[in-house]
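Counted the way our numbering counts, the sequence shown spans residues 2 to 254. C-beta: ideal position from N, C-alpha, C; glycine also. A quick note: this is a predicted structure, and the numbers were derived from the prediction, not measured. Notes to accompany the following structure.
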Amino acid sequence: MRRKYVIAGNWKMNKNPTEAAALIGELKPLVNDARCDVIVGVPFVDLPAALEAVKGSKIGVAAQNCHWEKSGAFTGEISAEMLKSMGVEYVIIGHSERRTYFGDTDITVQKRVRAALDAGLTVILCVGEYLEQREQGVTGEICAMQTKIALGGVSGNEMSRIIIAYEPVWAIGTGRTATAEQANEVCALIRDTVSGLYGSRTADSTIIQYGGSMNASNAAELLAQPDVDGGLIGGASLKPADFAAIVSSADNA
Ligand code: PGA
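Spelled out as C-alpha cells, the structure:
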C-alpha cells in the first residue's frame, strides 16, 4: 500500500493573525475533500488564529521552530511544551533558513526534535544540501548525516511522529526546482538511511516530502515519484488556489 501523502505549507515570516485567518478561510473549502494530510506552518503569533480558523476542517497546524528546553531563561524562545499546550500538533524543525541565518546546527536540531517528541508533537524535520555540496557530489553524505544526527536518540516507535522533508537549499525560494529524478533519488537515499537506523518496515512507512519551489505546475510530476510522499511548500502555500492545486495533485498521484 502506498504511504499517505502529506502536503504542508511553510508560510515563513508572512501574514499577521487577521491575514492568517483569512487565508485559512479561503483554503478550507478548497481542501475539504482532500484525502492527503494538509498542514499549514504559520508564524508563532498566528497560531491561535490558525487553530481557531482550521476548526471543522482537516487542516493541521504547525509551528516553524521550537526550543529544546521546557521553560527557563531563554529570551525570545518558545518551547515545544508551550506549543502542545495550545493545541498545536506539528512543528517544522531544522529548516535551512534556521540553519543558515539563526545558527541551528545538526546538534541543536537533534535537541529540538527530541523536545518536540517529548512534548507529543509530530516533527517535520528538514534536511538538504547547499548548491556547492551538490556540485561537489556530497549530497548523499550531507543528507544522510543530517538525518542521522537529527534522529539520534529517536526510537523506532517514535518514527511515526517524524516526517522528513528533503529540501535542497538551492531550490528554496529560487524558482529552481529539483528535477523529479533528483528529488526521488535523495528521498530514496534518506529512506535508506532510516532503514539503516530502524529497519525497512519503519523506513517503508516514513513520510518523506520534497520541498523547494514546489508549485501548482510541477507538483504532479514530483509527487508521482515513488519515494516522494508529499511536499513542504513555501511561496505557493500563501496562495490558496495554488496550495489547493498541490493538494489535489497529491490526491491524484
Ligand atoms: P519554497 O520554500 O516553496 O518557497 O521554495 C520551501 C521551504 O522553504 O520549505
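Just to confirm, does residue i get its C-beta within under 7 Å of one of the non-hydrogen atoms of the ligand PGA?
i, result
"Asn-11", "yes"
"Ser-168", "Sequence check: residue 168 is Glu here, not Ser. Yes, the ligand PGA has a heavy atom inside 7 Å of this Cβ."
"Ala-172", "yes"
"Ala-237", "yes"
"Ser-214", "yes"
"Leu-233", "yes"
"His-68", "no"
Rounded to the nearest angstrom, what separates residue i and residue j at their Cα positions?
i, j, result
"Pro-169", "Ala-220", "16 Å"
"Asn-216", "Ala-116", "32 Å"
"Thr-123", "Gly-42", "12 Å"
"Cys-127", "Thr-148", "9 Å"
"Thr-140", "Ala-237", "25 Å"
"Lys-240", "Ile-234", "11 Å"
With C-beta atoms as the reference, is residue i less than 8 Å away from residue j?
i, j, result
"Leu-48", "Val-89", "yes"
"Ala-50", "Ala-22", "yes"
"Ile-79", "His-68", "yes"
"Asp-255", "Ile-247", "The question about residue 255 has no answer here: the residues shown for the chain are numbered 2 through 254."
"Ala-63", "Ile-25", "no"
"Leu-223", "Ala-184", "yes"
"Ala-251", "Tyr-6", "yes"
"Ala-172", "Gly-232", "no"
"Ile-164", "Ile-191", "no"
"Gly-157", "Tyr-199", "yes"
Give the secondary structure of residue i by DSSP, where H, G and I count as helix, E and B as strand, and everything else as coil.
i, result
"Ala-166", "strand"
"Val-92", "strand"
"Ile-125", "strand"
"Ser-156", "coil"
Quick one: does the C-beta of residue i sit closer than 7 Å to a heavy atom of the ligand SAH?
i, result
"Glu-222", "As far as ligands go, the structure on display features the ligand PGA and does not contain the ligand SAH."
task: Write down every uninterrupted run of the alpha helix (DSSP H) in the region 174-251 whose length is 4 residues or greater and which is fully enclosed by it, in chain order.
output: 181-199, 201-206 and 220-224
Unbroken stretches of the beta strand (DSSP E), 3 residues or longer, contained in the region 4-73: 7-11, 38-42 and 60-64
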